[in-house]
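*Asks:* The numbering of the sequence shown is full-length UniProt numbering, which starts it at 1 and goes up by one. Ideal Cβ placement from N, Cα and C applies to all residues, glycine included. Have a look at this one before I ask anything.
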Amino acid sequence: MDTALFSPSVLFQDEDNEERDIEEREMQQHEQFVQRTHIFPGMVLTIREFSFHRFNANLLWPGTFTFCDWLSQNKSLVEGQRILELGSGTGALAIFIHKSFGVDITTSDVDDKEVEENIAYNCKANEVNVLPHMRHVKQYPNLIKTLSFLLKSYKPNSAADGTSKYKKIAIASEEELQLQKPLF
Numbered sequence: 001m002d003t004a005l006f007s008p009s010v011l012f013q014d015e016d017n018e019e020r021d022i023e024e025r026e027m028q029q030h031e032q033f034v035q036r037t038h039i040f041p042g043m044v045l046t047i048r049e050f051s052f053h054r055f056n057a058n059l060l061w062p063g064t065f066t067f068c069d070w071l072s073q074n075k076s077l078v079e080g081q082r083i084l085e086l087g088s089g090t091g092a093l094a095i096f097i098h099k100s101f102g103v104d105i106t107t108s109d110v111d112d113k114e115v116e117e118n119i120a121y122n123c124k125a126n127e128v129n130v131l132p133h134m135r136h137v138k139q140y141p142n143l144i145k146t147l148s149f150l151l152k153s154y155k156p157n158s159a160a161d162g163t164s165k166y167k168k169i170a171i172a173s174e175e176e177l178q179l180q181k182p183l184f
């Protein structure tokens with residue numbers, strides 16, 4: 001006797017099974033994420049985090065809040081800048097910076113559609129237009145070498161008298177700093 005290739009019962013699937021399948025998918029979706037409320041300087045953000053993510057893009061790191069406090073105390077370093085955040089994870093830092101300082105900020109993280117979609121979700125949940133996002137491969141050593149090279153070889157196209165439009169005076173931790181663009 002030959003073995004059946006499929007069960008005839010699949011031809012007569014009832015609505016209860018379909019409803020159960022939908023409920024199971026919704027349950028799996030719910031288990032995949034945890035939504036938390038986080039207190040940032042001057043605001044509360046609702047951030048959906050992965051319960052688990054293989055590239056560690058799942059949770060807000062404690063240093064995020066310390067960095068946000070520092071940025072809030074040193075606003076002149078951020079105001080008027082265009083920012084690329086490397087390793088955005090949930091997008092919480094980018095959302096905070098955009099809402100606090102009104103700057104153009106682009107998020108980036110590993111080449112993973114789930115991470116990009118979660119950042120977009122968190123933007124919408126916190127009433128921010130979806131921020132631009134760049135996926136990239138984990139090439140951090142090469143990225144650091146490239147940034148170091150660019151910083152060492154950068155020469156502004158203006159007068160050498162020190163009044164370059166590419167320089168900026170900023171106050172950081174109550175100390176005056178002269179910054180030269182580009183700022184990395």
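Given residue 186, which residues of its chain have a CB within under 6 Å of its CB, disregarding the five upstream and five downstream residues?
*Replies:* Residue 186 is absent from the model: the chain starts at 1 and stops at 184.
*Asks:* Excluding five sequence neighbours on each side, which residues of the same chain lie with their C-beta closer than 6 Å to the C-beta of residue 35?
*Replies:* Mapped onto the sequence shown, residue 35 falls at position 35. Excluding sequence neighbours, residue 35 sits near 48.
*Asks:* For residue 84, I'd like the list of residues in its chain whose CB is within less than 7 Å of its CB, leaving aside the five on either flank, ordered along the chain.
*Replies:* For the purposes of this step, residue 84 is taken as residue 84 along the sequence shown, with counting starting at 1. Excluding positions up to five away in sequence, the list reads 106, 108.
*Asks:* Run through DSSP, which three-state label would residue 34 get?
*Replies:* Position 34 of the sequence shown, counting from 1, holds the residue named residue 34. Residue state, collapsed to three classes: strand.
*Asks:* Nearest-angstrom Cα distance between residue 129 and residue 67?
*Replies:* Walking along the sequence shown from the start, residue 129 turns up at place 129. Walking along the sequence shown from the start, residue 67 turns up at place 67. Cα to Cα, the separation comes out at about 23 Å.
*Asks:* Return the residue from the list 38, 176, 170 that minimises the CA-CA distance to residue 93.
*Replies:* Taking the first residue of the sequence shown as position 1, residue 93 is located at position 93. That would be 38, whose Cα lies nearest to the Cα of residue 93.
*Asks:* Report all residues from its chain with a CB closer than 8 Å to the CB of residue 74; omit the five preceding and five following residues, and keep chain order.
*Replies:* One-based indexing of the sequence shown puts residue 74 at position 74. If we look at residue 74 and ignore the five residues flanking it on each side, its Cβ neighbours are 170, 171, 172, 173.
*Asks:* Would you kindly work out how many angstroms separate the C-alpha atoms of residue 144 and residue 152, rounded to a whole number?
*Replies:* Indexing the sequence shown from 1 puts residue 144 at position 144. Indexing the sequence shown from 1 puts residue 152 at position 152. Those two C-alpha atoms are separated by around 12 Å.
*Asks:* What are the partner residues of residue 46, as DSSP defines its beta bridges?
*Replies:* Your numbering for residue 46 matches position 46 in the sequence shown. In the DSSP output, where bridge partners are listed per residue, residue 46 has 37.
*Asks:* With a CB to CB cut of under 6 Å and the five nearest residues on each side skipped, what residues in its chain are close to residue 125?
*Replies:* Position 125 of the sequence shown, counting from 1, holds the residue named residue 125. The answer, listed in chain order, is 46.
*Asks:* May I ask you to report which of helix, strand or coil DSSP gives residue 100?
*Replies:* Stepping through the sequence shown from its first residue, residue 100 is reached at position 100. Residue 100 falls in the helix class under three-state DSSP.
*Asks:* Between residue 42 and residue 72, how many whole angstroms is the CB-CB distance? I'm expecting something under 8 Å.
*Replies:* Position 42 of the sequence shown holds residue 42. Position 72 of the sequence shown holds residue 72. Between residue 72 and residue 42 the Cβ distance is about 7 Å, and since that is below 8 Å, they are a contact.
*Asks:* Give the secondary structure of residue 51 by DSSP, where H, G and I count as helix, E and B as strand, and everything else as coil.
*Replies:* Sequence index remark: in the sequence shown, residue 51 carries index 51 (1-based). Residue state, collapsed to three classes: coil.
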